[in-house]
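A quick write-up on the structure given underneath.
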């Protein structure tokens, strides 16, 4: 398996623009997570899905952020409009969700820079 | 809010020495996990220890868990240059089996000097 795939790997955009980050989880994994990592705040969980259904979005910073999972093999995280303080590395992770396997598998991340 | 807090924040040792990192947490947990992150990369799962376990081994890794003190330690024996990375503990606070929401600490930055 190729592991969790994220695109793009780097994104540079201007304030006010819409940004869409993409994730393909590992096939057969029931859970998908979106995280944001910054030096100041560390690794924060934004939202997670179970079987394509959003379970907890309490970490989404504000209405400018939205996430979807239209099917088991694809998810997007959208920021509209983007702001400089959104600059961070965004990680997608997936997990089998089975009783004997709670570990999460992380993608390589998308480094977002908003100028 | 942070659930896990790693200590120390940074650790620098010579190759071949053992490295010990600690993690403290605040609420009851189901599981505690340790992850490694190399610079510019995603996190990689190392080991999971359940709340009813006290010690677990995986290769050169040894993890202990003391639920009475709400703390865990990660020991890396015979360190190598390739072990240079940041190490994070993550706890699952949910009482719902399989809910899997993890809260990560700020990490320990480990540097192995050749």
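Residue numbers (our numbering), protein chains in the order written: chain A, 77 to 191; chain B, 5 to 118.
Each residue gets a CB set at the ideal place from its N, CA and C atoms; glycine is no exception.
Can you look up residue i in the DSSP assignment and give me helix, strand or coil?
{"i": "residue 94 of chain B", "result": "strand"}
{"i": "residue 160 of chain A", "result": "helix"}
{"i": "residue 87 of chain B", "result": "helix"}
{"i": "residue 105 of chain A", "result": "coil"}
{"i": "residue 94 of chain A", "result": "coil"}
{"i": "residue 33 of chain B", "result": "coil"}
{"i": "residue 135 of chain A", "result": "coil"}
{"i": "residue 5 of chain B", "result": "Residue confidence for residue 5 of chain B is low, a pLDDT of 43 falling below 50, so the modelled location carries little weight; the figure read from the coordinates is stated next. Three-state result, residue 5 of chain B: coil."}
{"i": "residue 80 of chain A", "result": "coil"}
{"i": "residue 152 of chain A", "result": "strand"}
I'd like the span of the beta strand (DSSP E) that includes residue i, first residue to last.
{"i": "residue 116 of chain B", "result": "112-117"}
{"i": "residue 11 of chain B", "result": "9-11"}
{"i": "residue 144 of chain A", "result": "141-147"}
Return the bridge partner residues of residue i from the DSSP annotation.
{"i": "residue 181 of chain A", "result": "A:170"}
{"i": "residue 122 of chain A", "result": "DSSP, once it has assigned bridges, lists no residue as partnering residue 122 of chain A."}
{"i": "residue 60 of chain B", "result": "B:67"}
{"i": "residue 50 of chain B", "result": "Answer by DSSP bridge pairing: none, since residue 50 of chain B is not bridged."}
{"i": "residue 40 of chain B", "result": "B:48, B:91"}
Taking only beta-carbon atoms, is residue i less than 9 Å away from chain A?
{"i": "residue 91 of chain B", "result": "no"}
{"i": "residue 6 of chain B", "result": "Note that residue 6 of chain B scores 47 on pLDDT, short of 50, meaning its location in the model is unreliable; the coordinates nonetheless yield the value given after this. Interface residue, yes."}
{"i": "residue 29 of chain B", "result": "no"}
{"i": "residue 45 of chain B", "result": "yes"}
{"i": "residue 108 of chain B", "result": "yes"}
{"i": "residue 111 of chain B", "result": "yes"}
Would you please verify whether the beta carbon of residue i is less than 9 Å from any beta carbon of chain B?
{"i": "residue 122 of chain A", "result": "no"}
{"i": "residue 87 of chain A", "result": "no"}
Kindly examine the ligand NAD and report whether one of its heavy atoms sits closer than 8 Å to the Cβ of residue i.
{"i": "residue 22 of chain B", "result": "In terms of ligand content, the structure shown is empty, and the ligand NAD therefore cannot be addressed."}
Say whether chain E places a C-beta atom closer than 9 Å to the C-beta of residue i.
{"i": "residue 52 of chain B", "result": "In the displayed structure, chain E is absent; the protein chains listed are A and B."}
Check distances from the C-beta atoms of the region 178-190 of chain A to those of chain B and list, in chain order, the residues that come in under 9 Å. 178, 179, 180, 181, 182, 183, 184, 185, 187
Using a Cβ-Cβ cutoff of 7 Å, what residues of the region 156-174 of chain A are near chain B? List them in chain order. 167, 171, 173
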